[in-house]
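Remarks on the structure that follows.
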Amino acid sequence: MSIVATGVTKRFGEYTALDDVNIAIPGGSLTALLGPSGSGKSTLLRVIAGLETPDAGDVEIDGTDVTGVRPQDRGVGFVFQHYAAFKHMTVRDNIGFGLTVRRRAKAEIRERVAELICLVQLEGLGDRYPSQLSGGQRQRMALARALAVEPSVLLLDEPFGALDARVRTELRRWLRRLHEQVHVTTVLVTHDQEEAMEVADRIAVMDHARLQQVGTPRELYEEPSNPFVMGFVGAVNRLGDSFVRPHDLELRPSANGVTHPARVERVTHLGFEVRVELEREAGGALLAQLTRDEADELGIAEGDRVHVAPRKERVFAGGAGI
Amino acid sequence: MRGRLALRFAAVGFLLAVLVGPLALVGYRAFGDGAGPVWDAATGDATLSALRLTLIITLIAVPANAVFGVIAALLLTRPRLPGRTLLSVIIDLPLALSPVVVGLALILVWGRTGWFGEWAIDHGFQVIFALPGMVMATVIVSLPFVVRELVPVLKELGTEQQQAAATLGASDVQILWRIVLPAVRHGLAYGVVLTTARALGEYGAVAVVSGKIAGRTETLTLRVEERFQAFDLVSAYTASIMLALLAVFTVAAMRLLNRERH
Numbered sequence: 002m003s004i005v006a007t008g009v010t011k012r013f014g015e016y017t018a019l020d021d022v023n024i025a026i027p028g029g030s031l032t033a034l035l036g037p038s039g040s041g042k043s044t045l046l047r048v049i050a051g052l053e054t055p056d057a058g059d060v061e062i063d064g065t066d067v068t069g070v071r072p073q074d075r076g077v078g079f080v081f082q083h084y085a086a087f088k089h090m091t092v093r094d095n096i097g098f099g100l101t102v103r104r105r106a107k108a109e110i111r112e113r114v115a116e117l118i119c120l121v122q123l124e125g126l127g128d129r130y131p132s133q134l135s136g137g138q139r140q141r142m143a144l145a146r147a148l149a150v151e152p153s154v155l156l157l158d159e160p161f162g163a164l165d166a167r168v169r170t171e172l173r174r175w176l177r178r179l180h181e182q183v184h185v186t187t188v189l190v191t192h193d194q195e196e197a198m199e200v201a202d203r204i205a206v207m208d209h210a211r212l213q214q215v216g217t218p219r220e221l222y223e224e225p226s227n228p229f230v231m232g233f234v235g236a237v238n239r240l241g242d243s244f245v246r247p248h249d250l251e252l253r254p255s256a257n258g259v260t261h262p263a264r265v266e267r268v269t270h271l272g273f274e275v276r277v278e279l280e281r282e283a284g285g286a287l288l289a290q291l292t293r294d295e296a297d298e299l300g301i302a303e304g305d306r307v308h309v310a311p312r313k314e315r316v317f318a319g320g321a322g323i
Numbered sequence: 654m655r656g657r658l659a660l661r662f663a664a665v666g667f668l669l670a671v672l673v674g675p676l677a678l679v680g681y682r683a684f685g686d687g688a689g690p691v692w693d694a695a696t697g698d699a700t701l702s703a704l705r706l707t708l709i710i711t712l713i714a715v716p717a718n719a720v721f722g723v724i725a726a727l728l729l730t731r732p733r734l735p736g737r738t739l740l741s742v743i744i745d746l747p748l749a750l751s752p753v754v755v756g757l758a759l760i761l762v763w764g765r766t767g768w769f770g771e772w773a774i775d776h777g778f779q780v781i782f783a784l785p786g787m788v789m790a791t792v793i794v795s796l797p798f799v800v801r802e803l804v805p806v807l808k809e810l811g812t813e814q815q816q817a818a819a820t821l822g823a824s825d826v827q828i829l830w831r832i833v834l835p836a837v838r839h840g841l842a843y844g845v846v847l848t849t850a851r852a853l854g855e856y857g858a859v860a861v862v863s864g865k866i867a868g869r870t871e872t873l874t875l876r877v878e879e880r881f882q883a884f885d886l887v888s889a890y891t892a893s894i895m896l897a898l899l900a901v902f903t904v905a906a907m908r909l910l911n912r913e914r915h
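Structure, rendered in C-alpha cells:
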C-alpha cells in the first residue's frame, strides 16, 4: 500500500518540524527516513500514523486521503523506540491486543498470536511479562503486536535505537528477512546512515524540516543532490569548491600540476583498508582511504610529503558549504 | 547493625506512644465494665443510625471523588491544557483550607438566605442540616487525594502506551479501561484509601452543615464528640472503636485488592 504526503507542514509553537514535505512511498517497499535529530523525520512518521495532525498538507494511504482520520482507523502498525509495551499484560495479551479490542473470537486470537510468536521467534515466552524480556525481545514483541492487525503500512520509529550494537545488527538483518516474508509497506526512521543503507531499499534524507533527497542507497551515495546529503551518507573531504569521498582521493609521490601538496599526519591500518589523515599545506584536513596494496606501493609513513588529487569529485550549484 | 536496631526501636516506640497506646487505652476504658455496656452502646438506635449515616456518606463521596479524580488527573497531565495551574490550585485548596470554612461556605451558598437556598427550599430539596449538605462537605474535604496520587503515576506512564493502543484500533474508552486504569491501579487504590479515611473521619465541615441532630444528621465522628460532652464515656469510646475498625477494614481491603494481580 503506497503512502503519499503532499505539502505537509507541522509547527510546534515557534518551531517548524516539517516544512512543505512532499514524498511518495511505493507499496511494498522498505523506506528509511534518515536524518539528524531534530530534522523532522519522526514527526513525519507520526503524521503518517495520525499521531500528529499537520498544520497544512495531506496524507494518502493506498490512494485514500486519511488526513482527518484518527490513528485507530488508519490501519497502520506503529513501533516505538522505547517499545511502548503494555507492562501489565503478558506477551500473548500484548500481541493479541489489537484483535481483542476488535472483539475477534478467542480461538482466532489464540491461533493468530501463536503464529506471530513463531514469526518473531519468541516461542515459550508467551506467558512472560515485558519486564521479564530483554530489549531485543521486547521490540520483537512490539513488532508482532503491530503486525497482528494486518496493517496496510508498518511504521517504525528508531526501533533499534535503545538496543546495544550487537543486538541492533542482528535485528536489522532479521527485519530485512521479515520484510521479505511479510511484504508490508514499511517506513523506518533512523539517524544511523549505516542502518538505513543496510535495511532499506529506498532512503529519504531529511534535514531542517525539509526533505533533501529520495533514492536508493547507491544513488544517494553516488549522486547526492547537495552537500548535506553527501556528508550525511558517507565521509567527505572539501577541496576548494568540490567535494570528494576519501576513497576517491589519489595520493602521489610527486606533483603533476593539478595536485595539492599535503603532509601525512597519521596512518591507521584497518586490515584491508588503510586510513590516511592529511594536512594540506594550503590549510585544511583531509581523509584518504587506500587499499593495503596501494599504501604499500606508496610506502606511506607519518611525516611524509605527498601530492593529493581527486579521482572523482562533485561540485554543487551555489557552492554551499557543509 | 546496632544503629539500625536503635532506629527500629525509636520508630516502633514512637508509634506505640502516639498511636497504638492511646487507641488501646480507648479500647481498655470502653471495656472497663465488661462487654455488656459496649454491646448495648454499639447496638443502640442512635449509634446504629450514626454508623449508617457515616457509611452512606462515605459510599457516595468516595466513588464520586474517584471518578472526578481520574478525570481531573487525566486533564492535569494533558500537555497543552489552558488554565491547568488554576485547576491544580483549586483542587489543592481543600488540603490547606480549614474544614470549618468549607462548612461555612456551603451554608452561605445553600442556607436559607444563600444563593441557591430559596430555590432549594422551593423545590423541596434540603441541603443544610440534611444528607446532601453533609455529602457535599465530605466530597470537598476529601477531593484532592485521588488526583494527587494519580498525577505523578500518570506522568510517569507517559503517552506512548496510549498511542500504541490507538494505532492498534482501541477506542478512547478501551484505552482508559484496558491501558490507563490498569497501569495506575496502585496509585488509584491508594488515593481511594486516603479518600475513604478522610471521609470516615471528617468532623469540622460536616459538623457545621449537619446541625447534629441525634438519630438524623449525626455521623459517628459527631457522635463521639457529642457523647463525650454528655459524659457518656462508654458510648463515646464505643463509637471511636467502630471508627477505628472501619479504618482497619479500609486499609485491609485495599491491601487485598492490590495483591490479587502482581
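Same order as they appear, the protein sequences are chains A and B.
Note that our numbering has the first sequence beginning at 2, numbered continuously upward.
Note that our numbering has the second sequence beginning at 654, numbered continuously upward.
Beta carbons are placed, not taken as given, at the ideal position from N, Cα and C, and that holds for glycine.
Uninterrupted alpha helix (DSSP H) stretches at least 4 residues long and entirely within the stretch 160-202 of chain A occur at 166-183 and 194-200, given in chain order. A/Lys11 sits in a strand when the DSSP states are folded into three classes. Neighbourhood of B/Pro835 in chain A, by CB distance below 7 Å: His89, in chain order. Under the DSSP assignment, B/Ala677 falls in the alpha helix (DSSP H) whose first and last residues are Gly674 to Ala683.
Counting other Cβ atoms within 10 Å of its Cβ, B/Tyr890 reaches 16 or more and is therefore classed as buried. For A/Arg211, DSSP records a beta bridge to A/Asp208.
The CB of A/Gln138 never comes closer than 8 Å to any CB in chain B; the least such distance is about 17 Å.
The three-state secondary structure of B/Asp745, taken from DSSP, is helix. About 6 Å separates the Cβ atoms of A/Gly51 and A/Val70, confirming a contact at the 8 Å cut-off. Chain order gives the chain B residues near A/Phe98 as Ala818, Leu821, Ala823 and Arg831, where near means a beta carbon separation below 8 Å. Residues of the same chain with a CB within less than 6 Å of the CB of B/Ile793, apart from the 5 flanking positions on each side, are Pro747 and Val755 in chain order. Taking the CA atoms as reference points, B/Ser893 sits about 12 Å from B/Pro675. Between A/Ala106 and A/Gly136, the C-beta spacing is not below 8 Å. Ranked by Cα distance from B/Val804, the options B/Arg737, B/Leu898 and B/Ala858 are led by B/Arg737. Nearest C-alpha to A/Leu212 among A/Leu46, A/Ser30, A/Gly28 and A/Ala115: A/Leu46. Three or more beta-carbon pairs drawn from the stretch 70-80 of chain A and the stretch 815-825 of chain B are found closer than 8 Å, and the two stretches are therefore classed as touching. Annotation: Cβ neighbours of B/Glu813 in chain A (cutoff 8 Å, chain order): Phe81, His83 and Ala85. For B/Ala836, the CB contacts under 6 Å within the same chain, skipping 5 residues up- and downstream, are Leu810 in chain order.
According to the DSSP assignment, A/Ser243 belongs to no alpha helix (DSSP H) but to the beta strand (DSSP E) extending over Ser243 to Val245.
For the stretch 147-174 of chain A, residues whose beta-carbon sits nearer than 9 Å to a beta-carbon of chain B comprise Ala147, Ala149, Val150, Pro152 and Leu156. Put simply, the CB of A/Arg264 is far from chain B, with every gap to its CB atoms at 8 Å or more.
A/Val309: member of the beta strand (DSSP E) spanning Arg306 to Pro311, first to last residue. Residue contact check for A/Gly127 against chain B: no CB pair falls below 8 Å. Of the other Cβ atoms in all chains shown, 16 or more fall within 10 Å of the Cβ of A/Tyr84; this residue is therefore buried.
Under the rule that a run must span 3 or more residues, no beta strand (DSSP E) segment is found entirely inside the stretch 763-845 of chain B.
In the structure shown, the three-state DSSP call for A/Gln290 is strand.
Between A/Val67 and A/Leu144, the CB-CB gap reaches or exceeds 8 Å. By the 16-neighbour rule on beta-carbons within 10 angstroms, A/Ser43 is buried. Counting along the chain, the unbroken beta strand (DSSP E) around A/Ala263 starts and ends at His261 to Leu271.
Inclusion of B/Thr707 and B/Thr872 in the CB contact set at 8 Å is warranted, their separation being smaller than that value. Distance from the CA atom of A/Ala147 to the CA atom of B/Val665, rounded to whole angstroms, is 52 Å. In the displayed model, B/Ile866 falls within coil according to three-state DSSP, outside both helix and strand. Contact between B/Ala699 and B/Ala867 holds, since their C-beta atoms are separated by about 5 Å, short of 8 Å. Annotated three-state conformation of A/Glu223 is helix, per DSSP.
In this model, A/Arg139 and A/His192 are separated by some 21 Å (Cα to Cα).
Between the stretch 709-716 of chain B and the stretch 843-854 of chain B, the count of Cβ pairs shorter than 8 Å is three or higher; the stretches touch.
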